[in-house]
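Undergrad: The sequence shown runs contiguously to residue 217 in the numbering used here.
Just so it is clear, CB atoms sit at the ideal spot from N, CA and C, and this is done for glycine as well.
What you are looking at is a predicted structure, and each value in this text was computed from that prediction instead of being measured.
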Amino acid sequence: MSAVARQQINLLQAELQERKTVLPATQLLAIVGIAALLAVVLSVAANWRAQAARAEVARLQSEATQREAVVTVLQTELEARSPDPALTREANRLERQLRHLRRVVELAQPQPATPLSGYLAGLGRQRQEGLWLTGITLANRGRDVELDGRTLSPDLLPAYLAALGQEPAFSGLAFGDLKLERSADEPRWLAFRIAAGCLAADKDCLTRAEARP
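1) For the structure I just gave you, are there three or more beta carbon pairs, one from the stretch 136-148 and one from the stretch 157-168, closer than 8 angstroms?
2) Who are the near neighbours of Asp-148 in its chain, counting only those whose CB is closer than 6 angstroms to its CB and skipping five residues on each side?
3) Relative to the C-alpha of Ala-199, which residue among Asp-152, Val-75, Gln-170 is closest?
4) Please identify the residue among Arg-63, Leu-64, Thr-92 whose C-alpha is closest to the C-alpha of Val-77.
5) Put Ala-188 into one of helix, strand or coil per three-state DSSP.
6) Which residue comes first and which comes last in the alpha helix (DSSP H) that contains Arg-129?
7) Glu-171 and Gln-130 look like a contact to me (Cβ under 8 angstroms); what is the Cβ gap, rounded to whole Å?
8) How is Glu-22 classed by DSSP in three states: helix, strand or coil?
9) If I measure Cβ to Cβ from Leu-168 and keep anything under 7 angstroms in the same chain, skipping five residues before and after, which residues do I get?
10) In three-state DSSP terms, what is Arg-106?
11) To the nearest whole angstrom, what separates the beta carbons of Tyr-164 and Gly-146, a pair I think is in contact under 8 angstroms?
12) Can you tell me whether DSSP reads Leu-182 as helix, strand or coil?
13) Identify every residue that forms a DSSP beta bridge with Arg-196.
14) Check Leu-168 in the structure and name its three-state DSSP category.
15) So Phe-196 packs on Leu-177, CB below 8 angstroms; how close in whole Å?
16) Can you tell me whether Gly-139 is helix, strand or coil according to DSSP?
17) Would Arg-63 and Leu-102 be called neighbours here (beta carbons separated by less than 7 angstroms)?
18) If you compare alpha carbons, which of Pro-89, Glu-185, Ala-73 is closest to Glu-99?
19) Between the Cα of Asp-189 and those of Ala-166, Arg-154, Gly-180, Phe-179, spot the shortest distance and give me the residue it belongs to.
20) Between the Cα of Leu-194 and those of Glu-150, Gln-55, Asn-96, Gly-134, spot the shortest distance and give me the residue it belongs to.
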């Protein structure tokens, strides 16, 4: 009788043991190859966009220089002769266009980008037992951030955010608008949403900014 009981316990323990999935070497090599190819494609695309941006900035700067020369000539003519209303209006119009063009050139200058890898590396280093992320939103070079996830206890969130603030990519961000909701499927888990930047005040702010002409 006791022998039968021992067999049942051994079977139950075998079923509860963690099963590890080992990928064949061919699949691992394929995954590594795809990742390397993707990195090359992204690098080529980034270089192409940078070259196109530099060419557009050079064109705008050339146009601004030409218009500035025209405005200078008109101002010289105005100073050398009696006031001409038509010439004055033309000079003012060209001056407004020149200011606008200078602003466009300023905005078209390449801006330093915050690499996504810095955020992902920071999130990866600050893993915490009993808490994990289910969604990440990054916008405006990291100034607007939203983190969605689940946790066993709301007490884990302050320590997690404090540790995240030590990461260079998240330094200086003020997280707010904390929302907690008990999961209907898994009552022991709490779903949370925490945000910084405009997303802390309005979760639809990015959508409206994209729709604004």
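TA: By the coordinates alone:
1) no
2) By one-based count along the sequence shown, residue 148 stands at place 144. These residues qualify, in order along the chain: Gly-201, Cys-202, Leu-203.
3) Position 195 of the sequence shown, counted from the start, is the residue given in the question as residue 199. Cα-wise, what sits closest to Ala-199 is Asp-152.
4) Numbered from its first residue, the sequence shown carries residue 77 at position 73. If we check each option's Cα against that of Val-77, Thr-92 comes out closest.
5) Counting from one through the sequence shown, the residue named residue 188 turns up at place 184. Residue state, collapsed to three classes: coil.
6) On the sequence shown, position 125 is the one that residue 129 refers to. Per DSSP, Arg-129 belongs to the alpha helix (DSSP H) from 120-129.
7) Against the sequence shown, residue 171 aligns to sequence position 167. Against the sequence shown, residue 130 aligns to sequence position 126. Confirmed, about 7 angstroms.
8) On the sequence shown, residue 22 is found 18 positions in, with the first residue counted as 1. Low confidence applies to Glu-22: its pLDDT is 47, below 50, so where it sits in the model is not reliable enough to give any reading.
9) As a position in the sequence shown, residue 168 is number 164, starting the count at 1. Answer for Leu-168: Gly-126, Gln-130, Phe-174, listed in chain order.
10) Counting from one through the sequence shown, the residue named residue 106 turns up at place 102. Correct three-state label for Arg-106: helix.
11) Mapped onto the sequence shown, residue 164 falls at position 160. Mapped onto the sequence shown, residue 146 falls at position 142. The Cβ separation is near 18 angstroms, so there is no contact.
12) Counting from 1 along the sequence shown, the entry for residue 182 is found at position 178. Leu-182 falls in the strand class under three-state DSSP.
13) Start at 1 with the first residue of the sequence shown, and residue 196 comes out as number 192. It is Phe, not Arg, that sits at residue 196 in the sequence shown. Gly-153, Leu-184.
14) Locating residue 168 in the sequence shown gives position 164, where the first residue counts as 1. Reduced to three states, the DSSP call for Leu-168 is helix.
15) Position 192 of the sequence shown, counted from the start, is the residue given in the question as residue 196. Position 173 of the sequence shown, counted from the start, is the residue given in the question as residue 177. Going by Cβ atoms, the distance from Phe-196 to Leu-177 rounds to 16 angstroms, so no, they are not a contact pair.
16) For this step, residue 139 is matched to residue 135 along the sequence shown. Correct three-state label for Gly-139: strand.
17) Looking up residue 63 in the sequence shown gives position 59. Looking up residue 102 in the sequence shown gives position 98. Against a cut-off of 7 angstroms, the Cβ pair of Leu-102 and Arg-63 comes out as no contact.
18) Position 95 of the sequence shown, counted from the first residue, corresponds to residue 99. Here the closest residue by C-alpha is Ala-73.
19) By one-based count along the sequence shown, residue 189 stands at place 185. With distances taken between Cα atoms, Asp-189 lies closest to Arg-154.
20) In the sequence shown, residue 194 corresponds to position 190, counting from 1. If we check each option's Cα against that of Leu-194, Gly-134 comes out closest.
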